[in-house]
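**Student:** Mind having a look at this structure? Questions to follow.
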Amino acid sequence: MIETILLFVVTLLFVVLIHETGHFLASKRVGVAVEEFGLGFPPRLFGKMWRGTLYSINALPIGAFVRSPGENDPTIKGSLASQSPWNRFVVYVSGPGANILLGFVLFTVFFALPRAVVVSDGVLVYEVQQGSAAHQAGMLPGDVIISANGAALETYGDLQTVLAEVAAPEAVELTVARNGANLPVRVVPAYSEELGRNVIGITLGRNVVVQVTPGSPADEAGIASGDSVLGVGNVAVLNQAELDDVLGGATGAEPVVVTMLRGNNSYTVELSGARLNTAVLGLDVKWVPGSRVETRAEPVWTAAAASARYIISMPALIVASVPLMREDPSLAFVGPIGAGQLTVEAVQVFGPSNLIFIGGLISIGIALFNLIPVPPLDGGGILVALVEAVRRGKRLSERSVRLAYAIGTSLLITLVVLITTSDLLRLIQGRGFGL
Numbered sequence: 082m083i084e085t086i087l088l089f090v091v092t093l094l095f096v097v098l099i100h101e102t103g104h105f106l107a108s109k110r111v112g113v114a115v116e117e118f119g120l121g122f123p124p125r126l127f128g129k130m131w132r133g134t135l136y137s138i139n140a141l142p143i144g145a146f147v148r149s150p151g152e153n154d155p156t157i158k159g160s161l162a163s164q165s166p167w168n169r170f171v172v173y174v175s176g177p178g179a180n181i182l183l184g185f186v187l188f189t190v191f192f193a194l195p196r197a198v199v200v201s202d203g204v205l206v207y208e209v210q211q212g213s214a215a216h217q218a219g220m221l222p223g224d225v226i227i228s229a230n231g232a233a234l235e236t237y238g239d240l241q242t243v244l245a246e247v248a249a250p251e252a253v254e255l256t257v258a259r260n261g262a263n264l265p266v267r268v269v270p271a272y273s274e275e276l277g278r279n280v281i282g283i284t285l286g287r288n289v290v291v292q293v294t295p296g297s298p299a300d301e302a303g304i305a306s307g308d309s310v311l312g313v314g315n316v317a318v319l320n321q322a323e324l325d326d327v328l329g330g331a332t333g334a335e336p337v338v339v340t341m342l343r344g345n346n347s348y349t350v351e352l353s354g355a356r357l358n359t360a361v362l363g364l365d366v367k368w369v370p371g372s373r374v375e376t377r378a379e380p381v382w383t384a385a386a387a388s389a390r391y392i393i394s395m396p397a398l399i400v401a402s403v404p405l406m407r408e409d410p411s412l413a414f415v416g417p418i419g420a421g422q423l424t425v426e427a428v429q430v431f432g433p434s435n436l437i438f439i440g441g442l443i444s445i446g447i448a449l450f451n452l453i454p455v456p457p458l459d460g461g462g463i464l465v466a467l468v469e470a471v472r473r474g475k476r477l478s479e480r481s482v483r484l485a486y487a488i489g490t491s492l493l494i495t496l497v498v499l500i501t502t503s504d505l506l507r508l509i510q511g512r513g514f515g516l
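Take any residue in the sequence shown, count from 1 to its spot, add 81: that is its number in the numbering used here.
Structure follows, in structure tokens:
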């Protein structure tokens, strides 16, 4: 845990350093004088002057900074405020831009890492939404989609990749296995604003319960047709053989706990008996054929495309998560403390490689936060620069700029206090992020 926290601190420091490097390079490019480029915050431990800029390493490892003369005073030569609206726009946008680029690189690396992937000979339709494109095309729960537009499907992502390449109102030609026959199905995807991607209105799964024998142990336990088996005990099951193998190991001394899925909600049932199997329990389960676990690594260009799609979809994902934020406002925003807690939980659940993904999230999060059009954030500077550009370079009054910065700073301090308090309360109350 200590190692994870230290890695998180290093990751956060690196992400902030990249942000300030964006500002630094842009400042140098447009002619803004940079007095100091520092890693960490004072007191200063080390400094070296080179080409008019002091490069320093400081004692407090909580970020980085670029210091320029008279940043808000246009009368000082070499200050940021003395630059044209376009130059100021470039300097302000370069910090968030550098973070977006870093997030893209980190996500690409993460998506390209070798990982265990569940693959199968097609993907199984667990649920079909009423009125959806799939429903109108006649698709049914239990269908196995073998191919889409001629491309064989082995993972959920394969289908999503094909759907992402389709532009409305273009149709997707599916081959569906049903009752021993392969059927052609033509479906027209619809773009979901909520999810930020094309959908056809289906939920995919590994299996679906097609029949429950009346009066059987499964029926008495509450299992119903249309449910899906997720696992037995702590063991995930991918096919009929694995399910019967785990059930067959039951001694009868203790109930067997089976995790099921109904709609979007999981539930558990306890089944008693020794050497169980689906026939004894009264279950008829349809599985996607050929399910197995393989270690795969995506090509860099595929990982890069996935990274770009993920970043583009993030605003839509944020909007989709608003209902969850209303249920628990502490999840709406997290500060460094909350991000550190999330990192520890993610590494414990998903492994150390997830630190790369968390780094990407932090980088994109810092970019989006800084783009909020409120001074003294970068977004506030961008807004002022754009307003003055529309006014053909005519400056806003010094009084109005000072007032905007005063109000923005007060709001920012209030937000930081609220977020930090929320993060601390979450820790004190022992609540996590539910990973």
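Where a beta carbon is used, it is the ideal one built from N, C-alpha and C, also for glycine.
How big is the Cα-Cα spacing for residue 277 and residue 422?
**Tutor:** 28 Å
**Student:** For a quick check, are the C-beta atoms of residue 222 and residue 307 less than 8 Å apart?
**Tutor:** yes
**Student:** Look at the alpha carbon of residue 98 and the alpha carbon of residue 475, and state the distance between them as a whole number of angstroms.
**Tutor:** Their Cα atoms are separated by approximately 33 Å.
**Student:** From the DSSP output, in three-state form, read off residue 109 for me.
**Tutor:** helix
**Student:** Determine, using beta-carbon pairs with one atom in the stretch 112-127 and one in the stretch 143-153, whether at least three such pairs fall under 8 Å.
**Tutor:** yes
**Student:** How many Å lie between residue 287 and residue 430 at the Cα?
**Tutor:** 22 Å
**Student:** With respect to the alpha helix (DSSP H) encompassing residue 138, which residues constitute its N-terminal and C-terminal limits?
**Tutor:** Where residue 138 is concerned, there is no enclosing alpha helix (DSSP H), although the beta strand (DSSP E) it sits in stretches over 134-148.
**Student:** Find the nearest neighbour of residue 399 within the set 357, 145 and 275, judged by alpha-carbon distance.
**Tutor:** 275
**Student:** Start and end of the alpha helix (DSSP H) containing residue 179?
**Tutor:** 166-193
**Student:** Is there contact here, the stretch 469-484 with the stretch 212-232, by at least three beta-carbon pairs under 8 Å?
**Tutor:** no
**Student:** Based on Cα-Cα distance, which residue from 290, 229, 302 and 241 lies nearest to residue 266?
**Tutor:** 229
**Student:** Measuring CB to CB, does residue 106 end up less than 8 Å from residue 175?
**Tutor:** yes
**Student:** For the beta strand (DSSP E) containing residue 292, list its first residue and its last residue.
**Tutor:** 288-293
**Student:** Taking DSSP as the reference, what is the three-state secondary structure of residue 379?
**Tutor:** Secondary structure of residue 379 (DSSP, three-state): coil.
**Student:** Rank 90, 243 and 350 by C-alpha distance to the C-alpha of residue 252 and give the top, closest one.
**Tutor:** 243
**Student:** Which residue wins for smallest C-alpha separation from residue 213, given the options 367, 270, 305 and 463?
**Tutor:** 270
**Student:** Could you tell me which uninterrupted alpha helix (DSSP H) segments, each at least 4 residues in length, are contained entirely in the stretch 242-330, listed from first to last along the chain?
**Tutor:** 298-301 and 321-329
**Student:** Considering only the alpha carbon of each residue, which of 104, 179, 379 and 263 lies closest to residue 224?
**Tutor:** Comparing Cα positions, the closest option is 263.
**Student:** What are the complete alpha helix (DSSP H) segments, minimum 4 residues, inside the stretch 416-486?
**Tutor:** 417-431, 435-451 and 459-471
**Student:** Is the stretch 365-380 in contact with the stretch 172-186, if contact means three or more CB pairs nearer than 8 Å?
**Tutor:** Per the Cβ contact rule, the stretch 365-380 is not in contact with the stretch 172-186 (fewer than 3 Cβ pairs under 8 Å).
**Student:** Hey, out of 427, 335 and 208, whose CA is closest to residue 86's CA?
**Tutor:** Comparing Cα-Cα distances from residue 86 to each of 427, 335 and 208, the minimum goes to 427.
**Student:** Would you check if the distance between the CB atom of residue 187 and the CB atom of residue 434 is smaller than 8 Å?
**Tutor:** no
**Student:** Return helix, strand or coil for residue 99, following the three-state DSSP convention.
**Tutor:** Looking at residue 99 - three-state DSSP - the assignment turns out to be helix.
**Student:** Where does residue 227 sit, in a helix, a strand or coil, going by DSSP?
**Tutor:** strand
**Student:** If you draw a straight line from the C-alpha of residue 168 to the C-alpha of residue 373, how long is it?
**Tutor:** 55 Å
**Student:** To the nearest angstrom, report how far apart residue 319 and residue 289 are at their CA atoms.
**Tutor:** 12 Å
**Student:** Taking the straight line between their C-alpha atoms, what separation do you get for residue 190 and residue 379?
**Tutor:** 10 Å
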